[in-house]
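Since the structure comes first, as C-alpha cells, the remarks are kept for the end.
Protein chains: 4
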Amino acid sequence: MINLILLLSFIYFNSQQNMHQKVLFFGDSITELGVKEKGYIALMNNRLSKTKQSEKYQLIGSGIGGNKVYDLFFRMEEDVLIKQPDVIVIWIGVNDVWHKSMFGTGTDLNKFESMYTDIIQRLQKTGAKVYCCTPACIGEKTDHSNAQDGDLNEFSKVIRKIAAANNAGLIDFRKTFLEYNLKHNTDNKYQDILTYDGVHLNDVGNQLVADMMWDAMIGK
Amino acid sequence: MINLILLLSFIYFNSQQNMHQKVLFFGDSITELGVKEKGYIALMNNRLSKTKQSEKYQLIGSGIGGNKVYDLFFRMEEDVLIKQPDVIVIWIGVNDVWHKSMFGTGTDLNKFESMYTDIIQRLQKTGAKVYCCTPACIGEKTDHSNAQDGDLNEFSKVIRKIAAANNAGLIDFRKTFLEYNLKHNTDNKYQDILTYDGVHLNDVGNQLVADMMWDAMIGK
Amino acid sequence: MINLILLLSFIYFNSQQNMHQKVLFFGDSITELGVKEKGYIALMNNRLSKTKQSEKYQLIGSGIGGNKVYDLFFRMEEDVLIKQPDVIVIWIGVNDVWHKSMFGTGTDLNKFESMYTDIIQRLQKTGAKVYCCTPACIGEKTDHSNAQDGDLNEFSKVIRKIAAANNAGLIDFRKTFLEYNLKHNTDNKYQDILTYDGVHLNDVGNQLVADMMWDAMIGK
Amino acid sequence: MINLILLLSFIYFNSQQNMHQKVLFFGDSITELGVKEKGYIALMNNRLSKTKQSEKYQLIGSGIGGNKVYDLFFRMEEDVLIKQPDVIVIWIGVNDVWHKSMFGTGTDLNKFESMYTDIIQRLQKTGAKVYCCTPACIGEKTDHSNAQDGDLNEFSKVIRKIAAANNAGLIDFRKTFLEYNLKHNTDNKYQDILTYDGVHLNDVGNQLVADMMWDAMIGK
Numbered sequence: 000m001i002n003l004i005l006l007l008s009f010i011y012f013n014s015q016q017n018m019h020q021k022v023l024f025f026g027d028s029i030t031e032l033g034v035k036e037k038g039y040i041a042l043m044n045n046r047l048s049k050t051k052q053s054e055k056y057q058l059i060g061s062g063i064g065g066n067k068v069y070d071l072f073f074r075m076e077e078d079v080l081i082k083q084p085d086v087i088v089i090w091i092g093v094n095d096v097w098h099k100s101m102f103g104t105g106t107d108l109n110k111f112e113s114m115y116t117d118i119i120q121r122l123q124k125t126g127a128k129v130y131c132c133t134p135a136c137i138g139e140k141t142d143h144s145n146a147q148d149g150d151l152n153e154f155s156k157v158i159r160k161i162a163a164a165n166n167a168g169l170i171d172f173r174k175t176f177l178e179y180n181l182k183h184n185t186d187n188k189y190q191d192i193l194t195y196d197g198v199h200l201n202d203v204g205n206q207l208v209a210d211m212m213w214d215a216m217i218g219k
Numbered sequence: 000m001i002n003l004i005l006l007l008s009f010i011y012f013n014s015q016q017n018m019h020q021k022v023l024f025f026g027d028s029i030t031e032l033g034v035k036e037k038g039y040i041a042l043m044n045n046r047l048s049k050t051k052q053s054e055k056y057q058l059i060g061s062g063i064g065g066n067k068v069y070d071l072f073f074r075m076e077e078d079v080l081i082k083q084p085d086v087i088v089i090w091i092g093v094n095d096v097w098h099k100s101m102f103g104t105g106t107d108l109n110k111f112e113s114m115y116t117d118i119i120q121r122l123q124k125t126g127a128k129v130y131c132c133t134p135a136c137i138g139e140k141t142d143h144s145n146a147q148d149g150d151l152n153e154f155s156k157v158i159r160k161i162a163a164a165n166n167a168g169l170i171d172f173r174k175t176f177l178e179y180n181l182k183h184n185t186d187n188k189y190q191d192i193l194t195y196d197g198v199h200l201n202d203v204g205n206q207l208v209a210d211m212m213w214d215a216m217i218g219k
Numbered sequence: 000m001i002n003l004i005l006l007l008s009f010i011y012f013n014s015q016q017n018m019h020q021k022v023l024f025f026g027d028s029i030t031e032l033g034v035k036e037k038g039y040i041a042l043m044n045n046r047l048s049k050t051k052q053s054e055k056y057q058l059i060g061s062g063i064g065g066n067k068v069y070d071l072f073f074r075m076e077e078d079v080l081i082k083q084p085d086v087i088v089i090w091i092g093v094n095d096v097w098h099k100s101m102f103g104t105g106t107d108l109n110k111f112e113s114m115y116t117d118i119i120q121r122l123q124k125t126g127a128k129v130y131c132c133t134p135a136c137i138g139e140k141t142d143h144s145n146a147q148d149g150d151l152n153e154f155s156k157v158i159r160k161i162a163a164a165n166n167a168g169l170i171d172f173r174k175t176f177l178e179y180n181l182k183h184n185t186d187n188k189y190q191d192i193l194t195y196d197g198v199h200l201n202d203v204g205n206q207l208v209a210d211m212m213w214d215a216m217i218g219k
Numbered sequence: 000m001i002n003l004i005l006l007l008s009f010i011y012f013n014s015q016q017n018m019h020q021k022v023l024f025f026g027d028s029i030t031e032l033g034v035k036e037k038g039y040i041a042l043m044n045n046r047l048s049k050t051k052q053s054e055k056y057q058l059i060g061s062g063i064g065g066n067k068v069y070d071l072f073f074r075m076e077e078d079v080l081i082k083q084p085d086v087i088v089i090w091i092g093v094n095d096v097w098h099k100s101m102f103g104t105g106t107d108l109n110k111f112e113s114m115y116t117d118i119i120q121r122l123q124k125t126g127a128k129v130y131c132c133t134p135a136c137i138g139e140k141t142d143h144s145n146a147q148d149g150d151l152n153e154f155s156k157v158i159r160k161i162a163a164a165n166n167a168g169l170i171d172f173r174k175t176f177l178e179y180n181l182k183h184n185t186d187n188k189y190q191d192i193l194t195y196d197g198v199h200l201n202d203v204g205n206q207l208v209a210d211m212m213w214d215a216m217i218g219k
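From first to last, the protein sequence lines are chains G, V, A and S. According to numbering that gives the first Met the number 0, the first sequence is numbered sequentially starting from 0. According to numbering that gives the first Met the number 0, the second sequence is numbered sequentially starting from 0. According to numbering that gives the first Met the number 0, the third sequence is numbered sequentially starting from 0. According to numbering that gives the first Met the number 0, the fourth sequence is numbered sequentially starting from 0.
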C-alpha cells in the first residue's frame, strides 16, 4: 500500500515537473508591460492556451521599470534563482544607454559586459537555459539618426558576443526591429510602428516580440 | 596725366579684385588645424600654387577649437563680415553633438537649425557664396556603432535641409567619410583611417577634404 | 476750437503715458506660470488694484517653458522690444543649468554671461529699466546638497556681477530663498516650502516673489 | 626538543601577527597616487619609520584611477579579501559623481548606497575594521559654487549614514577640506590649496590626509 502511494507520488511528481517548464522573463519596463493585457507575455499565454500547451509552460514576468544591468545583477538571487526557472530570458540594455543622457547614470560598456556575463554564468550554473535579447530601439527611424542608435548598436554587439561565448540563446530584437521598420516605416517616423513612444511596444510590437520569443523557445 | 593715372588705378584695382577671391573657412578645431602644415587648407594652397592660381584665390582660416554653432553666430561680425569674403565655408557641428556627453552643453537641434539658418542668410546678404559642410565623424566605425552616430546623422540631415532651402552649396563630408570607410576601414576601427582620433584629420583625411573642397569651389 | 482739441489731446496723451508704465516679465516656465491664477504676477495685479495703482502699471508676462538664455536672446526683438516696455524683469537660468543633466544641452557659463550681457545692453538702449533675477532653486534643501546647487550658485554669481556692471537692478531670489528655507525648512525637504516640485512656485513662493518684485519696482 | 621548537614557532608566529597589522587603502586615483613619493601613504610610512612602528603596520595601496563604487564591489574579492587585511580604508565617490557629467556613467545614489553597504558588510565579516572616507572635493571653492558640490554633499551624507549604521569608522575629508579652505582659501580659488587640479592632492593635501588617517587609525 505504501509502495503504491510512493509510486503514484512519484508519477505525479514527474508529471508535474514535465508539465511546468518555468520560463522567467527578466528585464525592465518592457518586460514589466509584457504581462499586462495585450503584452507579449500575455499573447504567448494565449497561444499556449490555444495550442493546448498551457500545462507545459509557466511564463513568469520579472520586469521592473528603469532597470539596468546592475539592477538585474543585484536582484538575481531574490527574483530569479529562488524561483528555480528552467528558462530565463534576459532583456536589458535600453536604460543602460538611455540613462546616460537622461540622468548621467548610464552604464560603462565594459561594466555592462562583465556584469551581463556574470549574470548569464550564474544562471547557467543552475542548469537553466538562458536567452539574451538585444535592446530593440530608442526611436524607430531607419536612417540611423535616432540619437542613441550608435550606443545601442555597440551594446547589442556586446550582447551578441557574450551570448555566443557562453552558449546562450540569442533573440536579436535590434536586428529584426530595424528590418521591420525598413519595410514598414517608410516615413522614417520616430514611433508608432512597433512602439508607441520609440521604446515601449504597441500592439504590433507586442505581437512581433511574442512571435520571436515563441519561435526561439517553444515553436521550433 | 591725372586721367591716365586714374585709368591705370582703375585697371589695377579691378585686376586686384579679380585676382583675390577671398575664401574664408569658418569652423572649429578641424578648420583651425586646416591651416597648419599638411592641413587641408595648406594642401589647397599648394595646389593653387602648382596650378598657378595663387593669385586668384586667397584662403583664410577662421577656425577655433571647441566652437559650436553659437560661437560662429557670435563671432560672425568680427571674424567674417569685416573681412568681406567672397566665399564662406561653414563647417560646424561636431562639438554641438559631442559637448552633450562631455560637458552637458551641446546644442538643441532646433536651435542649431535656427542659428545656422541665420548665419547663412546674413552671410548671403553680403553677396557672398556660402558652402555648408556636414560634420564628418566622431569615430570611424562603419557599422553605425559610434556613440554619436545617431545625433551626427540627425544634425547632418538638418544641415542638408537648410543648405538646400537657402541655395547654399553643400559639401557632404559625413556621407563621403562613411563611404570611404566602408571601402577602406574593413576592420571597423574607431580611428586611423581618415582621422587620428576619430575626429581630427590625419594626412589621408586632409587630402580627401582638400580634394572635396577643391572640387566644390575651384576645380569644376 | 482746434486749439482746444489739440490741448485736450495733449493732456489725454500725457495722462495715457503716465498711466501705463509697461512692466514686462521675460523668462521661462516660472514666469509663464506667474500670470496664472495665484501666480506672482496675478498677485501683483491684485495688489495694484487694491492700492488703486492699476492705471499706473501694466504687467505683461512673457515666459515660455524650457527657455534658456539663448531663447531670450533670440526672441528679444519680437517678444520684448516690439512692445516697448518701460521696465523689463529678466528671470532666467534654471534651464541653463538643469538641461545639462536632463538633455545634455545646458549653457556654457561664459556664453551665458556674454549673451545675458548682450540682452541687458540691448534692452537698456531703448531707455528701459532692466532688472535681473537670480535663479531661485532646483531643490530647496538647505545643506547645499541639491544636485545643481554648485552650478546655480556659480550662475547666480555671474548674474550679480553683470547686473552690477551694467547698472541693472538685481532681485536676488537665490539668496532670499535659501535664507527663507534656512528658517522654515527645518526638515531639509527638497520641495513644498516655496515650490511644489523644487523649482516651480507654490502659493507661499508666489507671495514671496510677488512681494520681492513689488519692493524692488513699485513699493519703495 | 620538538616541543621547544613548537613553542618558539608559536611565539614567533604570534609576534609576527602582532607586528604586521595590514592596512589596505581601497579606492580610486587619489589612493593610487597615495603610494607614490610624497603621497599620503608614503608619508604615513615615513612617520611609522620615524616613530619606530614600521613593524607594527603594513600599509597596502589598492587604488585604481577612475574607479567608482561598482569597481570596488567587483574587485573586492581579488584585491582585498585575498590579502586578509586587518584594516580597510574605503575612499570612493568622486568618480561616481564626476562621471555623470564627463561620460554620462555616474552612479545612482540609491545604488551607491546599497553597493557601499554591501562592501562594508562583506569586509566586516572577515573581522576586519573598516573605515569610510567622504570624497574631499571636485573644486576647492568655498562658496558652494563648485559644479558638483551639491552631489558630493549628498553622496557624503549617505556615506556618513551607512558608516554609522554599520559601526564603521568615518574619516570625513569633505568636512575637513571645506573647513581648511574656509580658513586658507581666501581668494575662493578652484585649486592649488589642498589639490593641484581641484581633485588630486598636492603636498599640503597629502600631509593633511596623512595626518587625518594617522589620527583615525594609529595615533590616538
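Backbone N, C-alpha and C fix where the C-beta goes; we use that ideal spot for every residue, glycine too. Since the structure is predicted, the reported quantities are computational estimates derived from the model, not experimental observations.
Candidates MET114/G, LYS128/G and MET216/G, of which the one nearest PHE72/G by Cα: If you number the first sequence from 1, residue 72/G lands on position 73. Checking every option, the nearest Cα to that of PHE72/G belongs to MET114/G.
If you draw a straight line from the C-alpha of ASN94/V to the C-alpha of ASN66/V, how long is it? As a first step, residue 94/V is located in the second sequence; it is residue number 95 there, counting from the start. As a first step, residue 66/V is located in the second sequence; it is residue number 67 there, counting from the start. The alpha-carbon of ASN94/V is positioned some 7 Å away from that of ASN66/V.
Chain G residues whose Cβ lies nearer than 9 Å to that of ASP148/V: For the purposes of this step, residue 148/V is identified with residue 149 of the second sequence, where counting begins at 1. Result: HIS143, SER144, ASP148, GLY149, ASP150 and ASN152.
Could you tell me the boundaries of the beta strand (DSSP E) in which GLN20/V lies? Here residue 20/V is taken as the residue at index 21 of the second sequence, counted from 1. In the DSSP annotation of this structure, the continuous segment of the beta strand (DSSP E) that includes GLN20/V starts and ends at 20 to 26.
Can you tell me whether ALA164/S is buried or exposed, with buried defined as 16 or more other CB within 10 angstroms of its CB? Translated into positions along the fourth sequence, residue 164/S becomes position 165. Of the other Cβ atoms in all chains shown, fewer than 16 fall within 10 Å of the Cβ of ALA164/S; this residue is therefore exposed.
When burial is assigned at 16 or more other CB atoms within 10 Å of the CB, is SER14/A buried or exposed? One-based indexing of the third sequence puts residue 14/A at position 15. Unreliable positioning characterises SER14/A in this predicted model, as indicated by a pLDDT of 48, which lies under 50. The coordinate reading is nonetheless provided below. Here SER14/A is exposed, its C-beta having fewer than 16 other C-beta atoms within 10 Å.
Are the beta-carbon atoms of ASP283/G and GLN20/G separated by less than 8 Å? Residue 283/G is absent from the structure shown; chain G starts at 0 and stops at 219.
Are the CB atoms of PHE25/S and ILE119/S within a distance shorter than 8 Å? As a position in the fourth sequence, residue 119/S is number 120, starting the count at 1. As a position in the fourth sequence, residue 25/S is number 26, starting the count at 1. No, they are not a contact pair.
With DSSP as the reference, label SER144/V as helix, strand or coil. As a position in the second sequence, residue 144/V is number 145, starting the count at 1. Reduced to three states, the DSSP call for SER144/V is coil.
Out of curiosity, what's the CA-to-CA distance linking GLN190/V and GLY138/V? Walking along the second sequence from the start, residue 190/V turns up at place 191. Walking along the second sequence from the start, residue 138/V turns up at place 139. So the two alpha carbons sit approximately 6 Å from each other.
Terminal residues of the continuous alpha helix (DSSP H) containing GLY60/S? Reading the fourth sequence from its first residue, position 61 is the one you call residue 60/S. Per DSSP, GLY60/S belongs to no alpha helix (DSSP H); it is in the beta strand (DSSP E), 56 to 62.
Am I right that SER100/V and GLY103/A are in contact with their C-beta atoms under 8 Å? What's the rounded C-beta distance? One-based indexing of the second sequence puts residue 100/V at position 101. One-based indexing of the third sequence puts residue 103/A at position 104. About 6 Å separates the Cβ atoms of SER100/V and GLY103/A, confirming a contact at the 8 Å cut-off.
When DSSP labels each residue in this structure, what does VAL79/S get in the three-state scheme? Here residue 79/S is taken as the residue at index 80 of the fourth sequence, counted from 1. DSSP places VAL79/S outside both helix and strand once states are collapsed to three, so it counts as coil.
Chain G beta carbons: is any one of them nearer than 8 Å to that of SER113/S? Looking up residue 113/S in the fourth sequence gives position 114. Yes, because at least one Cβ of chain G sits closer than 8 Å to the Cβ of SER113/S.
For the alpha helix (DSSP H) that ASN204/A lies in, which residues bound it at each end? Residue 204/A sits at position 205 when you count from the first residue of the third sequence. For the record, residue 204/A in the displayed sequence is Gly; it is not Asn. Per DSSP, the continuous alpha helix (DSSP H) segment holding GLY204/A begins and ends at 202 to 216.
Boundaries (first-last residue) of the alpha helix (DSSP H) holding ILE91/S: Taking the first residue of the fourth sequence as position 1, residue 91/S is located at position 92. Run containing ILE91/S: none; DSSP gives neither H nor E here.
Following a CB-centred definition, is ASP95/S positioned closer than 7 Å to any heavy atom of the ligand NAD? You won't find the ligand NAD in this model; it holds no ligand whatsoever.
Where DSSP assigns a beta bridge to VAL198/A, which residues make up the other side? Indexing the third sequence from 1 puts residue 198/A at position 199. BP columns for VAL198/A are empty, so no partner.
Cβ-based neighbour list, LEU42/S, same chain, cut-off 8 Å, excluding 5 preceding and 5 following: In the fourth sequence, residue 42/S corresponds to position 43, counting from 1. Only residues of its own chain outside the window of five on either side were considered, and among them ASN205, GLN206 and ALA209 have a CB closer than 8 Å to the CB of LEU42/S, listed in chain order.
8 Å is my cut-off, CB to CB: does GLY168/S come that close to chain G? Here residue 168/S corresponds to residue number 169 of the fourth sequence, with the count starting at 1. At a cut-off of 8 Å between beta-carbon atoms, GLY168/S makes no contact with chain G.
Quick one: does HIS19/S have its CB under 8 Å from some CB of chain V? Within the fourth sequence, residue 19/S is the residue found at index 20, counting from 1. Closer than 8 Å: no.
According to DSSP, is TYR189/V helix, strand or coil? One-based indexing of the second sequence puts residue 189/V at position 190. Coil, per DSSP.
Express the C-alpha separation of VAL129/S and LEU122/S in angstroms, rounding to a whole number. What you label residue 122/S is simply residue 123 of the fourth sequence in a count that begins at 1. What you label residue 129/S is simply residue 130 of the fourth sequence in a count that begins at 1. The alpha-carbon of LEU122/S is positioned some 7 Å away from that of VAL129/S.
Can you pull the chain S residues whose beta carbon is under 8 Å from the beta carbon of GLY103/V, in chain order? Here residue 103/V refers to the residue found at position 104 when the second sequence is read from its first residue. SER100, listed in chain order.
Whose CA, out of TYR69/A, GLY62/A, ASN109/A and THR133/A, lies closest to the CA of ASN109/V? If you number the second sequence from 1, residue 109/V lands on position 110. Closest by alpha carbon: TYR69/A.
In chain S, which residues lie less than 7 Å from LYS35/G when you measure between Cβ atoms? By one-based count along the first sequence, residue 35/G stands at place 36. Per Cβ cutoff of 7 Å: no residues; LYS35/G is ~26 Å from chain S at best.
Consult DSSP for VAL34/V and reduce its assignment to one of helix, strand or coil. Residue 34/V sits at position 35 when you count from the first residue of the second sequence. Looking at VAL34/V - three-state DSSP - the assignment turns out to be coil, as it is neither helix nor strand.
Looking only at its chain, what residues have a beta carbon closer than 6 Å to the beta carbon of GLY218/S, apart from the 5 residues adjacent to it on each side? Within the fourth sequence, the letter at position 219 stands for residue 218/S. Taking GLY218/S as the centre and dropping the five residues before and after it, the same chain places no C-beta closer than 6 Å to its C-beta.
Output yes or no for whether 8 Å exceeds the beta carbon distance between ASP150/A and ALA146/S. Your numbering for residue 150/A matches position 151 in the third sequence. Your numbering for residue 146/S matches position 147 in the fourth sequence. A Cβ-Cβ contact shorter than 8 Å links ASP150/A with ALA146/S.
Going along the chain, which residues of its own chain have a beta-carbon closer than 8 Å to the beta-carbon of ASN45/G, five neighbours each way excluded? As a first step, residue 45/G is located in the first sequence; it is residue number 46 there, counting from the start. If we look at ASN45/G and ignore the five residues flanking it on each side, it has no Cβ neighbours.
Between the beta-carbon of PHE172/A and the beta-carbon of CYS132/A, is there less than 8 Å? The count along the third sequence starts at 1 and reaches residue 172/A at position 173. The count along the third sequence starts at 1 and reaches residue 132/A at position 133. Against a cut-off of 8 Å, the Cβ pair of CYS132/A and PHE172/A comes out as a contact.
Identify which residue in GLU54/S, ILE63/S and ARG159/S has its Cα closest to the Cα of GLY33/S. Here the question's residue 33/S lines up with position 34 in the fourth sequence. Of the candidates GLU54/S, ILE63/S and ARG159/S, the residue whose Cα lies closest to the Cα of GLY33/S is ILE63/S.
So if I threshold CB-CB distances at 7 Å, which residues from the segment 21 to 32 of chain S count as touching chain G? Result list empty, no residue passes.
Name, going along the chain, the residues of the segment 116 to 146 of chain G whose beta-carbon falls closer than 7 Å to a beta-carbon of chain V. Along the segment 116 to 146 of chain G, going in chain order, the ones with a CB nearer than 7 Å to a CB of chain V are ASP142, HIS143, SER144, ASN145 and ALA146.
Count the other CB atoms within 10 Å of the CB of SER144/A; is the residue buried (16 or more) or exposed (fewer)? Taking the first residue of the third sequence as position 1, residue 144/A is located at position 145. By the neighbour-count criterion, in which a residue is buried when 16 or more other Cβ atoms sit within 10 angstroms of its Cβ, SER144/A is buried.
Would you please verify whether the beta carbon of LYS49/S is less than 8 Å from any beta carbon of chain A? Locating residue 49/S in the fourth sequence gives position 50, where the first residue counts as 1. With its beta carbon at least 8 Å from every one in chain A, LYS49/S lies outside the interface.
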